Each structure stands twice: as C-alpha cells, then as structure tokens.
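Q: Handing you this structure, nothing more for now.
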Amino acid sequence: MKRRVTLIIIFTIVAASLYPQEKQPVDWVDPFIGTTNFGTTNPGAVVPNGMMSVVPFNVMGSKDNAFDKDTRWWSTPYEYNNVFFTGYSHVNLSGVGCPDLGSLLIMPTMGELDVDYHHYGSRYIREEATPGYYSNRLTKYDILTEVTSTTRVGVHRYTFPKGQANILLNLGQGLTNESGAFVRFNGSDEVEGMKMLGTFCYNSQAVFPVYFVMRIAKTPSQSGLWKKQRLMDGVKAQWDPDHGRYKIYDGYQKDIAGDDVGAWFSFDLPEEEQIEVQIGVSFVSIENARLNLDKETKDKNFDTIYAGAREKWNNDLSRILVEGGTDEQKTVFYTALYHTLIHPNVLNDVNGEYPAMEGNKILKTDNTRYTVFSLWDTYRNLHQLMTLVWPDRQMDMVRSMIDMYKEWGWMPKWELYGRETWTMEGDPSIPVITDTWLKGLRDFDIETAYKAFYKSATMEGISYSTDTIRKGGALPDSYYASLKGDFNRMRPDNSDYMRLGYVPLRSEFDNSVSHALEYYVADHLLSRLAEALDKKEDADLFRERSLGYKNYYSSEYGTFRPKLVNETFLYPFNPDQGMNFEENPGFHEGSAWNYTFYVPHDVEGLAKLMGGKRKFIDKLEMVFDKGYYDPANEPDIAYPYLFSYFKGEEWRTQRHVRRLLDKHYTTKPDGIPGNDDAGTMSAWAVFSMMGFYPDCPGEPSYTLTSPVFDRITIKLDERYWKQGELVIESNRNNESAIYIKNIAVGGKPFGNYRISHQELINAGKITLNLKQEK
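Here is the structure:
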C-alpha cells in the first residue's frame, strides 16, 4: 500500500512537471511595472477599487541620502530605484503627479526602541509582489515583512528573529502636507485615532481626516506613544539627541494629539515568531473603522485574506481572456488591466456611510460610493473600459458623481475623498456621463446630471473689470479655487468663452487654449446629450459652441495659437515650446503640437481647416516623425487613431499603434510612458492591444486597429448587454502581419474602420484577417 501511494505521488509530480498548470490572468501581472520613470504606480497590496492599499514607503531616506531633501516632490510612496524602507503606508494613490495621502506608516524593527525614521529605516532585499500581496526582507533586522489587504483593511505579517521586536505606527511621516493626528490606546494590543490628509497639488482647501483602528495579534510586553518636539531655548528636557528630538511616553499615557505623533509596541521574543497586524480605515469615524476591520477580517488570518484578495483579482482580470501573443505582451496587457482597476476607489464603509462632498454631513448609500475621480485623465478611456467590461461599477461611479452635485452644487473635476482639488482643465464629467448614457446604461438621474452640465456651461465666470480686460490682465488659477460666492467654479473663464467663442490669453502661463479645447469637447457632448433628451435649442447652442476651436487656428504656423482679448494672435509664438512639460503660454503640460489635433468631435472639420485631407495627414505624420507626439500626454494619446478617419490611411493607425506599444509599454519598471494617471495610460494599452479604441470621448463608437493577440474573449455582463461575450479573432501568417486586410463582424463583411458601441457588443465575434504589407 505504501509503495502504491509513493508511486501515485511520484506520478503526480512527474505529470505536473510535464504538464505545468496553465497560468491564470492574475499570474501575468507584474506590479513593479510603472514604478519608475515617473510612472508613479506602486507594488503595494490592494483589491480591485479598494479603499485600502498597503504600500512599501521608500521615498524618504536616511540623512545621508540625497532624495530625502526633496520629499515634497514625491507623488508616490514607492520608487523602484530607492532602497531605504521606513514602513508601509495605508490608503495611497496610483499613477498621479501630485503628492498626497501615503500616511499611517507601520514599521517593524528589532533592538532598542528608536522612533526616528532616519534611524530606524532599513534597506531591503528579495522584494516580491503579485496582486493583493507584497513582501520584502529588511537587511538591518533580518525581518521578513508581508502585506495583503481587503477592501478597507490592511493586513501585515512580520516574521521576527529572536530578541526585542518593535512595531511602530508613525502618524507624522507621509506624502501629505498635513501633519496633525490623534492616537489613543484601546487596550494593550489596539490603538485608534485620526490623521489629517490633503492639500493635493497644494490646494490648501482639499483637507480631510482618515480614521483608523490598528490591532496586533499578540499582547506586547511594553507599549507607548511618542511626539516629535520642536527645539526650544531653555527647555532642555525636550531635546533628546539619541531619539532625534522625540519625546517617548510609556504605556501609562493613553492618548496624544498634535503634529508628528505615533505609537509603539515592544515584544520580548525567545525565538523566531510571526506577528500579524491589522489596520482598518474609514473616512467617517473611528467606530466605522473598527466596524470595517471586524466585518472584513473576522475569523480570518493572513493567508486566508491574501487568498481572497488573489481570487478577487483573478475574477476581475478573467473578464478578458487573451490567447496568442508573447509572454511579454500578456504581462504588459494584464498589468495594464490591473492598473485600470485601482481607481476610482470605494469610499463608503461596510454600513454604507460616507462623508458628503465638501461638507460635514455623514450620508448613507445602498450602492457603492466611489472617490478619486481624476477625470481630466480618465474621461478619455478608463470609464469607457468600465462601461464595457464592468458596467455595474460604472453605473455606481456615475451615480456617485451625480450625488456629489446634489450634495454641493458642482460635478466633480478632480475629486479626492469628498474634496474638490480643482486640478487640471475642462468640464470632464460631461463626457463620462454622456458616454455612459449614449451607450445604453441609463439607470441613473440623467435630468439632474443635465441640470448640472447646463449650469457649468452657461453660468458666468470671473468678471474682469473693463480696465483689466483692456490691459489683458489675469487672475492665477490658484485664485479661482480660493474664491467664495456665486461664480462658475467648473469653468472660471466662461464669461470670456461665451462672449468671444474662445478663452483669451490673459497672462504668460494661463493655459487658455487648453481650457477652451476641453470646453469644446464638453459642449459637443452636451449637444449630443441634449439631442438625446429632446432639448433641441440647447443641442443647437452647444453644437455651435463646440466649433469655436477654429478661432485658434493659425494658418501661418499650421497649429493652434493663443489669442488675446483683442482677437489678435500671441506674438512672438513658438509652436515647439512646451515640449517635455515645460511651461508654455496658453497650453498646459505640452506644446501646440500636443493640442492642435485635439478636436476629436470634428476631425473632418479640422482637416478642412488645415487645407484638406492630404495636408492633415502629412502634418499629423510629421508629429510622429519629428518626435512631437508625447505618449504620456492625455490630449494627444488618441492621435494615432485619427488617420483612420480618412479612407486609405487606416494602415497608419495600425503601424503607429503597434510601434508605440512596442516602444513605450514593456515589462520593465519603466514600462509605462510617464504618470499612469489613475490608470489612463494603462487603459490606452488595454484597448490598443485588443484592437479598438474610443478616440472621441463621449461618442458611442470606437476605431478599429490590429489586435496584438490571436484571440480575445471579453465576458460581457448580460444584465446590461444582450450578448454574453465578445470574441475578437485575428488571422495572421506571422507576427509581422499587423495590417488589416479585411474585417468581419458577426460573420458578415464589415467595410468600415469605425464601429459603433451597439455593433461591437452585439457582434458576438469580430474577425480580422491581417497581412504583412500595408
């Protein structure tokens, strides 16, 4: 019998080696992609759209590390090339360009207690990361650290060697510019409290609290609190050279508040031991943080929670299955898909409560309330991906946006945990919600949404005095955000826009052209929505407005060019100025070349303005040939798809898309072309690799290109779409065959390179026959 069991075991091992288990989508994800080259993603533990993320914090170093001097510069808690670890931060942003959050740091140490991160920080080795899990080993202490998470709870497991082990909760260190906090012991193994966060992109009004409860699965031998003290003349007791101006309190002091405070726990370990730590958060109250902690981790240990996180990720990633392609392409694809599912985030607690937008009320929802709406970025493609593949979440995101308007009178622009940061340009809620409505998802209050849109599109903005207008004077963007009273907060320069048909340049760097181009797109989509809602006069008004982009076209340069109040063009003018995110009059984070083709709602009209199809194509091709195209810049990311608006030029789209994918999206840590922008750059890769892209935000259609994979199966939600799946199949003789020979949709020849949303979801199967030559 023993011999038979042994033979079975041997056979099983041999069979497993000969027939290895097929990789699941979750196995293709590499969370280290995008963690350098300003990608600002991180390898921390998070579940899809989770409130909680647990991220290794390594952007504040020891005193002899140069990068410690510029900590306010970092917009991410983790950078791949840094090596000095000072703990795990909780609740973080992914792929953004401004610092915030990255707080509630938990750090394990060994030996004598030291609460100065310059001293207790450690280098680390053997990093590992997979969706829902991160691990490293701290070389200074020989501690194995592991973290995972649920939607609202961060879970740690530390494997300590023999000796005095310490666990520190540092409420002072972080990316946020806010330093105030409160912490209180609730028994020997639990602390609770609050930490202030905010000032995203240095907006001093966007400040909010996060509440927490931290629980340790072992009773400490000692515990206490600390507070960083300022050096004061004549008060010798406040200066402790061994602990870096910190005052340490033992367990007799139960609570403390102020700047740079923290809590510590010490353990006398006779041998190697694992200790688990859990921290629940809430943006409502300490009580809700405890409720979240209890509900999501009850009777679960680290391994069980990690298994649940991994299952959630695999279920979500399995909505899209790919076959064919290289291993590298699968890794790029599934990592990009992973990044699109980090933001927006769940805001409500397990009981449905959440903080009202820009107010002090606590409200309750039966749906999911979302936060972190980086809409200037995500309106271009991420929400279109959500609509197609996760329509239930997109519906709740739209409902969240509409509720924000109901709560404080404005749609979100760049909303962060119930505060509006007023970051970036335009009126970006309009394309998101219009796109959702026109594609057939309609279980939300569209009339209230339209009321909000009409308000921002027609309300007066900042009023300039006659003298100010005559002199071409301006108010800085930061001033708009600080104003109180009745004016257009979404479109602060709307008075000029409505009066002149464009936004005039009023100061050297006021982003006027960038503002107006966003308004034109928003007004086009508002016209489409008004038409769908049978508001004909409004539709005509906004359609006419959307064509105002022609005011900016300079035939002298063949680009858009800033215009002054007196309707003359800016002089002198250099269309190349603004490359590499340099400051540029009239344009935000780009040159005239990055914006001139951003008229997605009237591509043919723009071509006519430029002198016809041939001149348009040649000029657009020149943008790529001369390196003017910026793959990390939102306004021009759809440029490769514009060729397909013109018969006979579609091959250029197929060539450029494949070239850009191969060049800018890789499996290396710098494998994203700049800030991922809350998943926007990753969404570009996901769509492009599947072979279709929503190049005009808000329009219910896509442009087709050649897929990277041989077969793509998108599992559609039959509660929203009639078909249960969409299959995209490519037939090619070799990997160099990237040009489309012909297309079949639903088994019938399809003679177009643009496909409507309804045609796409009802197709069942799309077949593309590819060839090597154009």
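Using the UniProt record's numbering, the letters of the sequence shown map in sequence onto residues 1 to 774.
All residues carry an ideal CB built from backbone N, CA and C; glycine is no exception.
Please read these numbers as outputs of a predicted model, since none were measured by experiment.
Would you call the CB atoms of I766 and R655 closer than 8 Å?
A: Result no, Cβ atoms of I766 and R655 do not sit closer than 8 Å.
Q: State the start and end residues of the unbroken alpha helix (DSSP H) segment that holds I275.
A: Taken as a continuous stretch (DSSP letters only), I275 belongs to no alpha helix (DSSP H), being part of the beta strand (DSSP E) at E273 to S282.
Q: Quick check on the DSSP output: what are the complete beta strand (DSSP E) runs of length 3 or more inside the stretch 318-375, in order along the chain?
A: You should have 320-323, 353-355 and 362-364.
Q: Specify, as a first and last residue, the run of the beta strand (DSSP E) that A263 falls within.
A: From DSSP, the beta strand (DSSP E) with A263 extends over V261 to L269.
Q: Could you tell me whether the Cβ atoms of P391 and M404 are closer together than 8 Å?
A: Not a contact, by the Cβ cut-off of 8 Å.
Q: At which residues does the alpha helix (DSSP H) containing D392 begin and terminate?
A: Per DSSP, D392 belongs to the alpha helix (DSSP H) from P391 to W408.
Q: DSSP three-state label for G472, please.
A: Model confidence at G472 stands at a pLDDT of 38, short of 50, so the residue's coordinates are unreliable; what they give is reported in the following sentence. It is coil, neither helix nor strand.
Q: Count the other CB atoms within 10 Å of the CB of H119; is the residue buried (16 or more) or exposed (fewer)?
A: H119 is exposed by the Cβ-count criterion.
Q: Measuring only the C-alpha atoms, how far is G409 from Y645?
A: Their backbone Cα atoms lie some 39 Å apart in a straight line.
Q: Would you identify the three-state DSSP class for D435, choosing helix, strand or coil?
A: Helix at D435.
Q: Please state whether DSSP places H588 in a helix, a strand or coil.
A: Three-state result, H588: coil.
Q: With a CB to CB cut of under 8 Å and the five nearest residues on each side skipped, what residues in its chain are close to R3?
A: Residue placement at R3 is poorly supported in this model, since its pLDDT is 38, which falls under 50; the coordinates still yield a value, given next. Correct list: empty, nothing qualifies.
Q: Report the CB separation of R658 from S706 in whole angstroms; it is logged as a contact under 8 Å.
A: That belief holds up - the Cβ atoms of R658 and S706 are roughly 7 Å apart, short of 8 Å.
Q: Using the Cα positions of L197 and S400, report the straight-line distance between them to the nearest angstrom.
A: Cα-Cα distance, rounded: 22 Å.
Q: If you run the structure through DSSP and keep just helix, strand and coil, what is H90?
A: In the structure shown, H90 sits in a strand (DSSP, three-state: E or B).
Q: Following the continuous alpha helix (DSSP H) through E112, name the residue where it begins and the one where it ends.
A: It is not in any alpha helix (DSSP H) - E112 carries neither H nor E in the DSSP assignment.
Q: Could you spell out the range, first to last residue, of the alpha helix (DSSP H) harbouring A685?
A: Residues T680 to M690.
Q: My output table needs one value for L770: the three-state DSSP class, helix, strand or coil.
A: Strand, per DSSP.
Q: Compute the Euclidean distance between the alpha carbons of T368 and L347, then round it to the nearest angstrom.
A: Taking the straight line joining both Cα atoms gives about 8 Å.
Q: Quick one: is P669 buried, meaning 16 or more other Cβ sit within 10 Å of its Cβ, or exposed?
A: Its Cβ being crowded by 16 or more others within 10 Å, P669 is buried.
Q: Which ranges does the beta strand (DSSP E) cover as unbroken runs of at least 3 residues, wholly within the stretch 556-637, from first to last along the chain?
A: Runs found: none.
Q: Terminal residues of the continuous alpha helix (DSSP H) containing N292?
A: Its alpha helix (DSSP H) spans residues I286 to T297.
Q: Enumerated in chain order, which unbroken segments of the alpha helix (DSSP H) with a length of 4 residues or greater are wholly contained in the stretch 483-553?
A: If we require 4 residues or more, the alpha helix (DSSP H) runs fully inside the stretch 483-553 come out as 494-500, 512-532 and 536-546.
Q: With burial defined as no fewer than 16 other Cβ atoms inside 10 Å of the residue's Cβ, what is the status of N81: buried or exposed?
A: With fewer than 16 other Cβ atoms within 10 Å, it is exposed.
Q: Leaving out five residues on either side along the sequence, give the residues of the same chain with a beta carbon under 6 Å from the beta carbon of F453.
A: Hits under 6 Å: I430 and L526.
Q: Going by Cα to Cα distance, which pick from H90, E447, K228 and V599 is closest to D534?
A: Looking at the Cα atoms, E447 is the closest of the given residues.
Q: Of all Cβ atoms in chain C, is any one closer than 8 Å to the Cβ of H524?
A: This model lacks chain C altogether, as it is built from one protein chain only.
Q: W226 by DSSP, collapsed to three states: which one?
A: DSSP places W226 in strand when its eight states are reduced to three.
Q: For the candidate residues G671, F265, I286 and H588, whose alpha-carbon lies nearest to that of M424?
A: The residue with the shortest Cα to Cα distance from M424 is H588.
Q: R126 by DSSP, collapsed to three states: which one?
A: DSSP places R126 in strand when its eight states are reduced to three.
Q: Tell me the residue span of the alpha helix (DSSP H) that contains Q758.
A: H757 to N762 is the span of the alpha helix (DSSP H), which, as asked, contains Q758.
Q: Give the DSSP-derived three-state secondary structure of W651 in the structure shown.
A: In the structure shown, W651 sits in a helix (DSSP, three-state: H, G or I).
Q: V47 and A309: beta carbons closer than 8 Å?
A: Yes; because the gap between Cβ atoms is below 8 Å, this pair is in contact.
Q: Of the choices R499, E358 and Q274, whose alpha-carbon is the least far from that of H156?
A: Nearest option by C-alpha distance: Q274.
Q: Taking Cβ to Cβ, would you say T595 is nearer than 8 Å to P635?
A: The amino acid at residue 595 is misidentified as Thr; the sequence shows Tyr. Yes, the Cβ-Cβ distance between Y595 and P635 is below 8 Å.
Q: Can you pull the DSSP bridge partners for N136?
A: Answer by DSSP bridge pairing, in chain order: T145.
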